[in-house]
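Its first residue numbered 32, the sequence shown is counted upward by one per residue in our numbering. Just so it is clear, CB atoms sit at the ideal spot from N, CA and C, and this is done for glycine as well.
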Amino acid sequence: MIGLGSAAVAFFIGALLALTSIGLPIDGNGDRVGGPFAWLSWPALVGGLAVVGFALAHSATFLALKADGPVRRRASGFAVRWAPLCLLPLLVWIAMVQFEHDAGPAGWTVALLAVVSGGVGWAQARAGREGLAFTGYAGTGLFGLAAIFLAMFPVLLPSTIDSAFDITVQSAAHSTYTLGVLTAITVVALPVILCYQAWSYWVFRHRVTPGMIPEPHVVLPAILRAEDAGRQV
């Protein structure tokens, strides 16, 4: 259930992100029109599959990087065998946005870097270099997002009804005071977040080997142990 729930969350996040890059039926008041399933389209499906596929490929390399023994071999085999198929929806989404928004040379260049980074990651996974494979797949995600933003800018949410109804950076921006406060908070909070994330990765930098995992055994819940102790008394 945890796996299915996580897959569903990733799918709908990808679908929503794809809709923000391809467009929704937005009218002149900035309201979405149409029925409850107006969002359901093939771009939304591509975006959902893109995020699920990227999560599978990237997490498999991370699992191979952090584990050893049978788990490492299984995760590495998955990353090598299925990563190209998992990353394909993401690359389709990137190309779709480039065509939709008539991206210039900068957008196409970054999109090409996303493809190259994915190819490098797959080659490193085949060579058994999990760290470089993880970095390569991460580059695909980062370059892919950059290519999408470059192609869309300054549009934040395109309207499929009329391009005059697009929500842009200028029309969606808050006041100068609000932006200033958010910038100050980000300048203070972001380094703290990066520091504790780096510290947590450093603490758990070693692989988990089979010897660290105890053999299966029966463990009595604490309440049963307490009842047993009470009966002995």
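Buried versus exposed, by CB contacts within 10 Å (16 or more), residue i
i      : result
Pro189 : buried
Ile33  : exposed
Phe235 : exposed
Val218 : exposed
Phe85  : buried
Leu35  : exposed
Ala134 : buried
Ile1   : Shown here, the chain extends from 32 to 264; a query on residue 1 therefore has no answer.
Tyr168 : buried
Ile152 : What sits at residue 152 in the sequence shown is Gly, not Ile. Counting Cβ neighbours within 10 Å, Gly152 comes out buried, since at least 16 surround it.
Arg104 : exposed
Ile216 : exposed
Leu225 : exposed
Leu94  : buried
Gln228 : exposed
Thr171 : buried
Ala156 : buried
Beta-bridge pairing of residue i - partner residues as DSSP gives them
i      : result
Ile57  : Arg63
Val219 : Per DSSP, none; premise fails for Val219.
Ile275 : Only positions 32 to 264 of the chain appear in this structure, which leaves residue 275 out of reach.
Thr199 : Val186
Val239 : Ala98
Candidates the options: closest to residue i by CA position
i      : options                        : result
Val82  : Tyr208, Pro56, Ala106, Val40   : Val40
Leu175 : Gly108, Leu35, Ser148          : Before going on, a small fix: residue 175 reads as Gly here, not Leu. Measuring from the Cα of Gly175, the nearest candidate turns out to be Ser148.
Pro67  : Ile179, Leu55, Ala164          : Leu55
Pro185 : Leu173, Ile44, Ser202          : Ser202
Ile179 : Ser37, Phe43, Ala49            : Ala49
Gly242 : Trp70, Gly100, Thr51, Leu71    : Gly100
Leu173 : Ile198, Leu143, Ala156         : Leu143
Ser107 : Val212, Phe165, Thr199, Ala204 : Phe165
His132 : Val102, Ala158, Leu187         : Leu187
Ile57  : Gln155, Trp230, Leu163, Thr199 : Thr199
Phe109 : Gly159, Asn60, Val64           : Gly159
Ile244 : Ser37, Gly65, Val102, Arg63    : Val102
For residue j and residue i, believed in contact at Cβ under 8 angstroms, the rounded distance
i      : j      : result
Glu161 : Leu87  : With a Cβ gap of about 15 angstroms, Glu161 and Leu87 do not count as contacting.
Ile53  : Pro74  : 4 angstroms
Ala182 : Gln129 : 5 angstroms
Val239 : Ala98  : 5 angstroms
Val141 : Ala177 : 5 angstroms
Gly213 : Ala204 : In the sequence under discussion, the amino acid at residue 213 is Leu, which differs from the Gly named in the question. With a Cβ gap of about 11 angstroms, Leu213 and Ala204 do not count as contacting.
CB contact check: residue i to chain B, cutoff 8 angstroms
i     : result
His89 : Structure shown: chain B not included; a single protein chain is present.
Three or more C-beta pairs below 8 angstroms linking the segment 110-127 and the segment 190-199: Because the criterion of three Cβ pairs below 8 angstroms is not met, the segment 110-127 and the segment 190-199 do not touch.
contact_flag[the segment 69-79, the segment 105-118] where n(CB pairs < 8 angstroms) is 3 or more: The answer is no - the segment 105-118 does not touch the segment 69-79, with fewer than three Cβ pairs under 8 angstroms.
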